[in-house]
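*Asks:*
Residue numbers (the working numbering): 133 to 319.
(1) By how many angstroms is the C-alpha of residue 229 removed from the C-alpha of residue 288?
(2) Under DSSP, the beta strand (DSSP E) around residue 306 begins and ends at which residues?
(3) Nearest to residue 158 by CA position, among 184, 165, 166, 140, is which residue?
(4) May I ask you to verify whether the region 236 to 247 touches the region 196 to 211, counting CB pairs closer than 8 Å and requiring at least 3?
(5) Would you mind sorting residue 153 into buried or exposed? The rule is 16 or more other CB atoms within 10 Å of its CB.
(6) Just to confirm, are residue 175 and residue 315 a CB contact at a threshold of 7 Å?
(7) How far does the beta strand (DSSP E) with residue 158 in it reach, from first residue to last?
(8) Mapping the DSSP letters down to three states, classify residue 233 as helix, strand or coil.
(9) Might you give, ordered along the chain, the residues of its own chain that have their beta carbon closer than 6 Å to the beta carbon of residue 308, omitting 5 neighbours on each side?
(10) On the criterion of 16 or more Cβ atoms from any shown chain inside 10 Å, does residue 151 qualify as buried, or is it exposed?
(11) Relative to the alpha-carbon of residue 239, which residue among 214, 205, 227 has its alpha-carbon at the smallest distance?
(12) Closest to residue 196 by CA distance: which of 162, 290, 303 is it?
(13) Using DSSP's beta-bridge definition, name the partner residues of residue 151.
(14) Return the residue from the list 179, 165, 164 that minimises the CA-CA distance to residue 171.
(15) Please determine, among 183, 290, 198, the residue with the shortest C-alpha to C-alpha distance to residue 326.
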């Protein structure tokens with residue numbers, strides 16, 4: 133399952149992986165399902181991807197969609213700190229994941245829209261003096277510290293942190309390939 137705030141880059145991430153394309157079409161997604169035939173250890177399997185963006189006050193759809201997942205990608209927009217720091221969706225989703233899925237299910241934190249952080253100063257993060265002095269590693273470090281606090285608090289199995297750009301196809305295949313490798317290994 134791929135979850136995250138609306139407009140954080142989930143659909144672009146999925147389209148870049150499945151179709152190798154980037155589209156400026158903005159879709160407001162509640163639940164989409166995608167499928168792709170892949171080979172794991174010489175076995176043909178169908179990878180099913182659920183894309184979920186939901187009002188956290190209604191957990192029915194979220195709970196049904198994540199019930200039997202083998203991995204969860206939690207997406208947020210690097211250009212919009214409200215999608216991770218103090219994000220109601222993120223916090224409530226992490227809490228729900230803590231209650232709804234097996235603790236062994238790997239979670240992957242995926243920062244989307246890396247290409248846009250070069251276009252503006254993100255004052256809310258308190259990590260830019262100007263665009264030339266700070267790097268994306270600083271953003272990643274701040275987010276990782278925040279998520280690690282939640283991980284420790286909730287005892288979640290966070291297996292990876294990624295920064296991506298669907299526009300420039302940065303780390304898209306890596307996110308999905310690492311996820312597939314992780315779920316292909318027995319629990």
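Beta carbons are placed, not taken as given, at the ideal position from N, Cα and C, and that holds for glycine.
On a predicted model such as this, the values are computed, not experimentally measured, just so you know.
*Replies:* According to the structure shown:
(1) On the chain shown, position 156 is the one that residue 288 refers to. On the chain shown, position 97 is the one that residue 229 refers to. Each residue's CA atom was taken as its position, placing residue 288 and residue 229 some 8 Å apart.
(2) Position 174 of the chain shown holds residue 306. Not the beta strand (DSSP E): residue 306 falls in the alpha helix (DSSP H), residues 304 to 316.
(3) Within the chain shown, the letter at position 26 stands for residue 158. When only C-alpha atoms are compared, the closest one is 140.
(4) Cβ pair count under 8 Å is three or more, so yes.
(5) Counted from its first residue, the chain shown places residue 153 at position 21. Residue 153 is exposed by the Cβ-count criterion.
(6) Working through the chain shown from its first residue, we reach residue 175 at position 43. Working through the chain shown from its first residue, we reach residue 315 at position 183. No. Outside cutoff.
(7) Taking the chain shown and counting its residues from 1, the one referred to as residue 158 is at position 26. No residue range can be given for residue 158, since it is assigned to no beta strand (DSSP E) and is classified by DSSP as neither H nor E.
(8) Translated into positions along the chain shown, residue 233 becomes position 101. Three-state DSSP puts residue 233 in coil, outside helix and strand.
(9) Translated into positions along the chain shown, residue 308 becomes position 176. Hits under 6 Å: 149.
(10) Within the chain shown, residue 151 is the residue found at index 19, counting from 1. With fewer than 16 other Cβ atoms within 10 Å, it is exposed.
(11) Reading the chain shown from its first residue, position 107 is the one you call residue 239. Ranking the options by Cα distance to residue 239, first place goes to 205.
(12) Taking the first residue of the chain shown as 1, we reach residue 196 at position 64. The residue with the shortest Cα to Cα distance from residue 196 is 162.
(13) In the chain shown, residue 151 corresponds to position 19, counting from 1. Answer is none; residue 151 lacks a bridge partner.
(14) On the chain shown, residue 171 is found 39 positions in, with the first residue counted as 1. Comparing alpha carbon positions, the residue from 179, 165, 164 closest to residue 171 is 179.
(15) Coverage of the chain is limited to positions 133 through 319, which leaves residue 326 absent and any answer about it impossible.
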